[in-house]
Every structure is written in C-alpha cells, then in structure tokens.
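Heads up, the thing below is written out as structure tokens.
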Amino acid sequence: MVMTYLLFVVGIFLLVKSAGWIVDSSSSIAKRLGVSSLVIGLTVVAFGTSLPELVVNLFAAGAGSGSISFGNIVGSNIANILLVLGITAIIGNIKIKSDTVWKEIPFALLAGFVLFALTWEKEFFTRNDGLVLLSLFVLFLYYIFMSTRKDKEKIGFVENVDGVGLRIGLKLVLGFVGIYFGGRFVVDGAIAIAGTLGLSEYLISATIIAVGTSLPELVVGIMAVLRKDVDLAVGNIVGSNIFNVFGVFGIIPFIGPIGIPSFVGFDIAIMFLTTLLLFVFMFLGKKGELSKTEGIVFVMFYILYIWFIIIRG
Numbered sequence: 002m003v004m005t006y007l008l009f010v011v012g013i014f015l016l017v018k019s020a021g022w023i024v025d026s027s028s029s030i031a032k033r034l035g036v037s038s039l040v041i042g043l044t045v046v047a048f049g050t051s052l053p054e055l056v057v058n059l060f061a062a063g064a065g066s067g068s069i070s071f072g073n074i075v076g077s078n079i080a081n082i083l084l085v086l087g088i089t090a091i092i093g094n095i096k097i098k099s100d101t102v103w104k105e106i107p108f109a110l111l112a113g114f115v116l117f118a119l120t121w122e123k124e125f126f127t128r129n130d131g132l133v134l135l136s137l138f139v140l141f142l143y144y145i146f147m148s149t150r151k152d153k154e155k156i157g158f159v160e161n162v163d164g165v166g167l168r169i170g171l172k173l174v175l176g177f178v179g180i181y182f183g184g185r186f187v188v189d190g191a192i193a194i195a196g197t198l199g200l201s202e203y204l205i206s207a208t209i210i211a212v213g214t215s216l217p218e219l220v221v222g223i224m225a226v227l228r229k230d231v232d233l234a235v236g237n238i239v240g241s242n243i244f245n246v247f248g249v250f251g252i253i254p255f256i257g258p259i260g261i262p263s264f265v266g267f268d269i270a271i272m273f274l275t276t277l278l279l280f281v282f283m284f285l286g287k288k289g290e291l292s293k294t295e296g297i298v299f300v301m302f303y304i305l306y307i308w309f310i311i312i313r314g
C-alpha cells in the first residue's frame, strides 16, 4: 500500500513537470512553424494530454469493461469543462477567439450529440459506431489542416534547416512520455485506494479516474494561462474533448464490443450541456471571455455533479 501512495505522488509530479515541457516546447514549435498556439493546442497538446484516457480505455476495452470506458471518457470530458476550465478561469479571465466559439466548440457539441445518439437505447457500442466517430474525427483533422494552412499564410512560414530543433522535439517527446506514465501512476493508485472502499467501476472511473486523467489538461491549462498563452489552454481542453469522443471512442470498439451502462445517457447529456453552457457563457458579460465568476460557477456545477453520481452510486 505504501508503494501505491508513492507511485501516486510520483505520478502527480510527472504530470506537473511533463505538462510544463509540453507547453514550452509546443509554443516554440508554433512560433518556428508559423502555426498559432490554438492549432497546436487543438492537435499536438490535445492528443498528448488525452493519452491517459486512451491507455485506460484500451485496457478497459480489452477487459470488456464498458463501465470504465464510458465513465472515464464522459467523466473526463465533464471534468475538462467544469473543473479544468473553471479553475483556469478563476486564475485569470480567459479570452476565447471567435473561431473557437463558432467552430471548435460546436465540434465538441457535435461530439456529445453523436455519442448520445449512438448509445440511445442500445446494449453495446459496436465497430459500426466506432466508424461513425472515426469518420467525424477525420473531418475534424481536415478542419485543423485547413486552419494550419491559413495560419501559415497569415503569419508566414519559413522552414528552418534544423526543423523545429532537436532540443525542443526531445522535450516534447519526454513530456508525452511523462504524461503517459504520470497518468498511469495516478490512475492505478487511485483505483487501488478507491477499491478498498467497495465503489462501483463506473463511479470510480467517472470520478477518481476521470479527474486523474484530466490532470494533464488541468496542469497544461494553468501553466498556459500563467505564461499568457490562453489560446493553448483553450485549444487543449476543446481539442482533448473532441479527441476523447471521436478518437478514443472511435478506436476502442475495434478491441471488442463495449457494453453500454443503462444510466450513461444522463451523463452524456450532462457532458453535452456543460459544453453548451461554455458556448452560452461566451455571450454573457464580456463577449468572448470566460470570467472568474463563470469559472466559479463551473466548479460549483462540477461539485454538484460529483455529489449526484456518488449518491446515485
């Protein structure tokens, strides 16, 4: 048990340190390649910080545990909006670009709606469902590709002889490796600790594992805001949520059919509504900005959600 706690602490350290490396290196890459921080956040960083969710769900799918798969992804996406963006906004008001409001956030809304439709009154999540999500993921990647081209036209693009630099590239890779192992240590430790309390798999995955796998997004978001790189913070959260649904949920049915918990529809609806609330907040108060007050509202809603699912069991 001592080793479990030790790995848990080491995992948190790895998440914090690795997230700092990812923020620094990805910002440098954006400047060198003429790509905006928002695009980097929506792609490279979003993928890197979603690795814990991907790993957890691959193992869960292999074990045939639909409860862990759905609890982790849905719970993590809710935590990303309400907890991560909430805390990030409390630290400093977040100004969100128009493209994010009208393009990226609607993509996240689409992800929630499609997932709800694919799981409605069904017992299993199949490969056909996965193909639908992967097709939409390809569409999202195409949008990112087109955005990248526009960024290069606006900012200008000069390819250096040494590319993005060996040191920066190595730092980014080490950051991803640290995120992976940090996420694994935190999640494994949380499962072992919570398992002694006799909690259900879904409850553990929607709370402890979801928060654990959202720690990279939280740390990246906080550090990005402290470094005044708000685009990276927002792009990371929105991109991660889209990747979790279209990418992760698109892949795991090919490992094996996943059982759909009977009550997961409610949680998917909450995931959709939290994203919708983020969209609505863009037009309240100062337009295109997530304020500290709204951040507090997000965190309070998250506490209420956690209280509800604990009571529900």
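The end of the sequence shown is residue 314 by our numbering, with every number in the run present. All C-beta atoms, glycine included, are put in the ideal place defined by N, C-alpha and C. Owing to the predicted nature of the structure, the values given are computational and were not obtained by experimental measurement.
query: Residue of Phe48, Ile41 and Ile30 minimising C-alpha distance to Phe247; result: Phe48
query: Contact check, Met272 vs Val75, beta carbons under 8 Å; result: yes
query: Residue of Ile210, Phe267 and Leu278 minimising C-alpha distance to Ala61; result: Ile210
query: Proximal residues to Leu52 (C-beta, below 7 Å), its chain only, five neighbours per side dropped; result: Phe177, Ile180, Tyr181 and Gly184
query: Beta-ladder partner(s) of Leu291, from DSSP; result: Ile95
query: Bridge-paired residues (DSSP) for Phe60; result: Phe60 pairs with nothing; no bridge assigned.
query: Cβ contact check for the stretch 16-23 and the stretch 216-236: 3 or more pairs under 8 Å; result: yes
query: Contact belief for Gly289 with Ser99 at Cβ below 8 Å, rounded distance in angstroms; result: 7 Å
query: C-alpha gap between Met4 and Val10, whole angstroms; result: 10 Å
query: Supposed contact pair Gly251 and Phe138 - C-beta distance, whole angstroms, cut 8 Å; result: 6 Å
query: Counted within 10 angstroms of its Cβ, other Cβ atoms place Val281 as buried (16 or more) or exposed; result: exposed
query: Glu124, enclosing alpha helix (DSSP H) - first and last residue; result: No alpha helix (DSSP H) holds Glu124; DSSP gives it neither H nor E.
query: Whole-Å CB distance - Val265 paired with Glu54, under 8 Å assumed; result: Their Cβ separation, rounded to whole angstroms, is 16 Å, which puts Val265 and Glu54 out of contact at 8 Å.
query: Beta-carbon proximity of Phe146 to Phe108, cut-off 8 Å; result: no
query: Alpha-carbon spacing of Ser292 relative to Ile41, whole angstroms; result: 24 Å
query: Candidates Gly131, Ile106, Ser27 and Gly296: closest to Arg168 by CA position; result: Ser27
query: Exposure label - Val159; buried when at least 16 CB within 10 Å; result: Legend: pLDDT at Val159 = 45, less than 50; position of this residue unreliable, value from coordinates given subsequently. By the 10 Å Cβ count, Val159 comes out exposed.
query: Exposure label - Glu202; buried when at least 16 CB within 10 Å; result: buried
query: Cα-Cα separation between Asn81 and Ser215, rounded to whole angstroms; result: 6 Å
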